[in-house]
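**Q** Position 88, counted from 1, in the sequence shown is what my numbering calls 88; the numbers after and before it change by one each time, with no gaps.
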Amino acid sequence: MSPSKEKSGPSTSSGRADLELSCAIAEQIRTHARLTTPLECCGLLLGEGTIIIEARPARNVHLSPQTHFEIDPQALIDANRAARAGGPQVLGYYHSHPFGPAQPSATDRAMAARDGAIWAIVTGDQITFWRDSESCFTPLSYELAKG
Numbered sequence: 001m002s003p004s005k006e007k008s009g010p011s012t013s014s015g016r017a018d019l020e021l022s023c024a025i026a027e028q029i030r031t032h033a034r035l036t037t038p039l040e041c042c043g044l045l046l047g048e049g050t051i052i053i054e055a056r057p058a059r060n061v062h063l064s065p066q067t068h069f070e071i072d073p074q075a076l077i078d079a080n081r082a083a084r085a086g087g088p089q090v091l092g093y094y095h096s097h098p099f100g101p102a103q104p105s106a107t108d109r110a111m112a113a114r115d116g117a118i119w120a121i122v123t124g125d126q127i128t129f130w131r132d133s134e135s136c137f138t139p140l141s142y143e144l145a146k147g
């Protein structure tokens with residue numbers, strides 16, 4: 001990541017952000033959401049450790065894409081197969097709330113796997129990141145690299 005960074009989200013006790021990603025990746029997620037409205041967009045967050053290096057758009061295959069999302073299973077299979085072959089790991093997922101807040105909805109909470117994955121939720125220009133933990137979604141801070 002570039003040394004020029006912008007911090008977003010809640011602070012951690014150590015002062016370090018929980019995640020890092022580039023401004024370009026954040027803008028890619030926002031653009032995907034804008035182009036997909038009024039439907040929910042979705043995609044995969046790929047990277048290593050706490051660094052997101054790619055946001056890969058996926059098809060929303062849910063029967064009610066106006067208010068729900070379901071990532072195309074083939075996109076998940078392909079990404080996990082590539083990760084096993086040495087590519088970036090699937091760190092989590094992103095989706096949009098075209099007409100709601102950038103926080104986990106009741107549906108998100110009900111459908112969560114509780115597997116520790118990262119969830120990004122975008123509404124307009126706002127992106128929030130969350131950890132899908134055993135009991136709830138925990139907000140994550142992040143840094144945007146400007147380089």
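For every residue, glycine included, the Cβ atom is placed at its ideal position computed from N, Cα and C. As the structure is a prediction and not an experimental result, all values here were calculated from the model.
What's the gap between the Cα of Arg131 and the Cα of Asp72?
**A** Whole-angstrom Cα-Cα distance: 21 angstroms.
**Q** In the structure shown, what three-state DSSP assignment does Pro73 receive?
**A** Residue state, collapsed to three classes: helix.
**Q** Please classify Ala55 as buried or exposed, where buried requires at least 16 other C-beta atoms within 10 Å of its C-beta.
**A** With 16 or more other Cβ atoms within 10 Å, it is buried.
**Q** Pro3 to Gly15, Cα distance in whole Å?
**A** Confidence at Pro3 is low in this model, with a pLDDT of 35, below 50, so its placement is unreliable and the value that follows should be read with caution. Approximately 16 angstroms between the Cα atoms of the pair.
**Q** Excluding five sequence neighbours on each side, which residues of the same chain lie with their C-beta closer than 8 angstroms to the C-beta of Ser105?
**A** For Ser105, where only same-chain residues beyond five positions count, the Cβ hits under 8 angstroms are His97.
**Q** Using a Cβ-Cβ cutoff of less than 6 angstroms, which residues in the same chain neighbour Ser22 once the five nearest sequence positions on both sides are dropped?
**A** Hits under 6 angstroms: Ala145.
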